[in-house]
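Last residue of the sequence shown? That's 247 in our numbering, and every number before it is there in order.
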Amino acid sequence: MIHEPVILVIEQDKADFNCLLHYLNDFVPGWSVKGPYSTIESSLEAIHKLRPKVVFSECILKDGSYLELLSAKIQVRFELVLTSRDESHALKAIKFGVLDYLLKPFERKDIQLTVSRILNGSHQQSLPDGILNKLALPT
Numbered sequence: 109m110i111h112e113p114v115i116l117v118i119e120q121d122k123a124d125f126n127c128l129l130h131y132l133n134d135f136v137p138g139w140s141v142k143g144p145y146s147t148i149e150s151s152l153e154a155i156h157k158l159r160p161k162v163v164f165s166e167c168i169l170k171d172g173s174y175l176e177l178l179s180a181k182i183q184v185r186f187e188l189v190l191t192s193r194d195e196s197h198a199l200k201a202i203k204f205g206v207l208d209y210l211l212k213p214f215e216r217k218d219i220q221l222t223v224s225r226i227l228n229g230s231h232q233q234s235l236p237d238g239i240l241n242k243l244a245l246p247t
């Protein structure tokens, strides 16, 4: 029995979830999009049960952050795409090797690029515009 790949969405805002759902259904119609999940606990349960290939997660959740999600003992391998309204978590996200970091409100072209990376197995991260100008190197 062949199962369709699963994308799990961890999102507290219903409008953001619906927007992401719309774009994902357009770009990966053969995949099953599950969610929204809004807590670390419900997200971890869903990850263990559904075994997603990709997780789109808001940076800050009702009961914690994506860091707690990453530090949990998860026996499921998945690509992580973080979402946020600002760039404040981008540098930490890079250190954890997330597939992508998307700013809200979501733009069609950004979701399309992320989906292209997922489908092509390209793991080169993209950063929000202007974030490289904010990086400081020690001198």
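Beta carbons are placed, not taken as given, at the ideal position from N, Cα and C, and that holds for glycine.
Remember, predicted model here, so these are calculated numbers, not experimental data.
Just checking my contact of residue i with residue j at CB under 8 Å: how many whole Å lie between their CB atoms?
i, j, result
"residue 184", "residue 155", "5 Å"
"residue 218", "residue 210", "6 Å"
"residue 134", "residue 149", "31 Å between Cβ atoms; not a contact."
"residue 143", "residue 125", "6 Å"
For the beta strand (DSSP E) containing residue i, name the first residue and the last one.
i, result
"residue 140", "140–145"
"residue 114", "114–118"
Beta-carbon separation of residue i and residue j under 8 Å?
i, j, result
"residue 161", "residue 113", "yes"
"residue 204", "residue 169", "no"
"residue 164", "residue 147", "no"
"residue 120", "residue 153", "no"
"residue 117", "residue 136", "no"
"residue 193", "residue 131", "no"
Which first and last residues belong to the alpha helix (DSSP H) in which residue i is found?
i, result
"residue 121", "Careful: residue 121 lies outside any alpha helix (DSSP H) and carries neither H nor E."
For residue i, verify whether its CB is less than 7 Å away from any heavy atom of the ligand NAD.
i, result
"residue 183", "As presented, the structure is devoid of all ligands, the ligand NAD included, so that no description of it is given."
Ignoring anything shorter than 4 residues, give me the alpha helix (DSSP H) runs that lie fully in the region 154–230, in order along the chain. Counting only runs of 4 or more residues that sit fully inside the region 154–230, the alpha helix (DSSP H) segments are 174–179, 198–203 and 216–228, in chain order.
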